[in-house]
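Heads up, the sequence shown is in this note's numbering, so the first residue is 43 and it goes up one at a time. Notes to accompany the following structure.
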Amino acid sequence: MMNYRITLLPGDGIGPEIMAVAVDVLKVVGHQFNLNFEFQEAPIGGVAIDTTGEPLPTETLEMCRNSNAVLLAAIGGYKWDNLPRHQRPETGLLGLRAGLGLFANLRPAKILPQLIDASTLKRDIVEGVDIMVVRELTGGVYFGTPKGVFATETGEKRGVNTMAYSESEIDRIARVGFQTAQKRGGKLCSVDKANVLEVSQLWRDRITLLAPEYPDVQLSHLYIDNAAMQLVRWPKQFDTIVTGNLFGDILSDAAAMLTGSIGMLPSASLGNSGPGVFEPVHGSAPDIAGQDKANPLAQVLSVAMMLRYALEQPVVADKIEQAVLQVLDQGYRTGDIMSEGMKLLGCQEMGEVLLKTLSS
Ligand code: NAD
Numbered sequence: 043m044m045n046y047r048i049t050l051l052p053g054d055g056i057g058p059e060i061m062a063v064a065v066d067v068l069k070v071v072g073h074q075f076n077l078n079f080e081f082q083e084a085p086i087g088g089v090a091i092d093t094t095g096e097p098l099p100t101e102t103l104e105m106c107r108n109s110n111a112v113l114l115a116a117i118g119g120y121k122w123d124n125l126p127r128h129q130r131p132e133t134g135l136l137g138l139r140a141g142l143g144l145f146a147n148l149r150p151a152k153i154l155p156q157l158i159d160a161s162t163l164k165r166d167i168v169e170g171v172d173i174m175v176v177r178e179l180t181g182g183v184y185f186g187t188p189k190g191v192f193a194t195e196t197g198e199k200r201g202v203n204t205m206a207y208s209e210s211e212i213d214r215i216a217r218v219g220f221q222t223a224q225k226r227g228g229k230l231c232s233v234d235k236a237n238v239l240e241v242s243q244l245w246r247d248r249i250t251l252l253a254p255e256y257p258d259v260q261l262s263h264l265y266i267d268n269a270a271m272q273l274v275r276w277p278k279q280f281d282t283i284v285t286g287n288l289f290g291d292i293l294s295d296a297a298a299m300l301t302g303s304i305g306m307l308p309s310a311s312l313g314n315s316g317p318g319v320f321e322p323v324h325g326s327a328p329d330i331a332g333q334d335k336a337n338p339l340a341q342v343l344s345v346a347m348m349l350r351y352a353l354e355q356p357v358v359a360d361k362i363e364q365a366v367l368q369v370l371d372q373g374y375r376t377g378d379i380m381s382e383g384m385k386l387l388g389c390q391e392m393g394e395v396l397l398k399t400l401s402s
């Protein structure tokens with residue numbers, strides 16, 4: 043029997059509701075596939091601020107480090123919005139990424155046939171879309187220095203951020219991009235702004251240099267402005283996209299919206315070694331928290347990503363993804379993906395039908 047220690051970070055808002063469903067799913071597949079999951083739970087975000095005064099207590103980070111993978115739900119809420127920046131829930135999330143060295147963010151955007159009408163784009167444009175955006179997460183303009191707002195000689199203020207990437211930072215995210223493309227359709231599109239930015243030219247040069255190591259991957263390059271246009275014009279041309287922090291932030295949200303349903307989108311954040319963090323793309327949805335209205339499926343699909351990318355259990359991941367599709371095929375929906383003629387369920391009920399499907 044394989045043993046895995048999983049750190050659970052339910053966080054705030056709908057977090058605990060959707061996490062409960064994810065844990066049930068893991069227990070069922072653990073039983074079916076002879077996997078033993080040892081769960082340890084820790085506070086992060088608002089709930090951690092309330093109990094310890096910090097958004098990422100040292101014990102939480104330690105627990106995460108001492109596990110095979112981290113399953114996070116969501117953090118944040120109105121209650122903590124006006125605290126100073128270092129005490130905000132989001133600071134906990136950034137601290138977790140930095141503390142675990144998570145430099146690669148994998149964001150799939152896959153159109154599910156059952157939810158195709160949730161997209162704002164025409165059916166024939168989005169049908170069959172299956173994109174993975176690999177975003178660099180710990181470098182680029184969000185972290186480069188100098189940064190800040192400085193007074194100039196005239197007394198006018200000037201805001202500064204610096205977009206910087208070293209060769210080694212580019213190479214390690216490029217490798218994740220190539221390897222991800224290998225596991226998928228074998229096509230990698232690198233997105234930059236090399237026609238204007240020196241940092242992007244280095245990005246393009248390094249990625250081109252590494253390409254011969256991955257002869258089974260077909261590499262292409264696009265400028266960010268063109269990539270944004272192509273993503274809404276003909277998204278099916280993309281398989282895997284690799285890009286820097288800022289461009290990836292924007293493109294992964296745009297790609298997500300092709301699917302039209304934020305309650306369905308998982309993500310993975312990975313480092314070179316050590317545990318990755320698996321979490322839904324959506325936030326803590328404080329507007330529906332505690333009302334049993336949340337869609338737990340993005341959290342469940344994050345469990346599938348964890349099994350695929352961290353625990354090397356692709357068959358179990360497939361089984362969970364199939365069960366999600368079957369539940370949708372049976373017409374079950376939560377409020378966020380509801381459409382005419384479908385059966386509206388709460389978060390708990392959605393969990394129950396999913397477990398029944400997994401067990402059948
Ligand atoms: P949000 O994703 O929480 O909610 C946006 C909208 O989508 C809301 O109407 C919400 O009800 C709905 N929604 C989101 N997830 C859903 C689900 N699983 N099922 C059904 N409906 C769902 O984004 P927001 O409102 O901008 O942010 C709310 C809080 O979440 C803020 O404090 C923000 O900082 C935080 N946030 C956290 C993360 C994270 O933990 N990674 C990400 C984004 C936002």
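Every residue gets a Cβ at the ideal spot worked out from N, C-alpha and C, and that includes glycine.
| Item | Value |
| --- | --- |
| Compute the distance between the beta-carbons of Pro308 and Leu343, then report whether it is under 8 Å. | yes |
| What separation, rounded to the nearest whole angstrom, lies between the Cα atoms of Gln129 and Glu96? | 6 Å |
| Measure the Cβ-Cβ separation of Leu179 and Ala146 and say whether it is below 8 Å. | yes |
| Mind checking whether Asp281 and Ala223 have CB atoms under 8 Å apart? | yes |
| Comparing the CB of Thr301 with every heavy atom of ligand 1, is any distance shorter than 7 Å? | no |
| Using a 10 Å radius around the Cβ and a threshold of 16 neighbouring Cβ atoms, would you call Trp122 buried or exposed? | buried |
| Less than 8 Å separating the beta-carbons of Val171 and Lys152? | yes |
| Going by beta carbon distance, what residues of the same chain come within less than 7 Å of Lys235, once the five residues before and after it are set aside? | Ser242, Tyr265, Ile266 |
| Hey, would you say the C-beta of Glu391 is under 7 Å away from at least one heavy atom of ligand 1? | no |
| Taking the alpha-carbon positions, what's the Leu339 to Met306 distance? | 5 Å |
| Which residues bound the alpha helix (DSSP H) around Met61? | 57-75 |
| Grab me the residues of Trp245's own chain with a C-beta within less than 8 Å of its C-beta, minus the 5 sequence neighbours each way, in chain order. | Tyr207, Ile212, Ser232, Asp234, Ala236, Gly286 |
| Return yes when at least one heavy atom of ligand 1 lies under 7 Å from the C-beta of Ser326, else no. | yes |
| Would you say the beta carbon of Leu135 is closer than 7 Å to some non-hydrogen atom of ligand 1? | yes |
| Please state whether DSSP places Ser311 in a helix, a strand or coil. | strand |
| Starting from Asn237, trace the alpha helix (DSSP H) in both directions and tell me its first and last residue. | Premise fails: Asn237 is in no alpha helix (DSSP H) and is neither H nor E. |
| Tell me the rounded alpha-carbon separation between Leu142 and Phe289. | 22 Å |
| Give the straight-line distance between the Cα atoms of Asn76 and Leu68, rounded to the nearest whole angstrom. | 11 Å |
| Distance check for Met43 and Phe79, CA to CA, integer angstroms please. | 10 Å |
| Which of the three DSSP states, helix, strand or coil, is assigned to Ser294? | helix |
| Which of the three DSSP states, helix, strand or coil, is assigned to Pro52? | strand |
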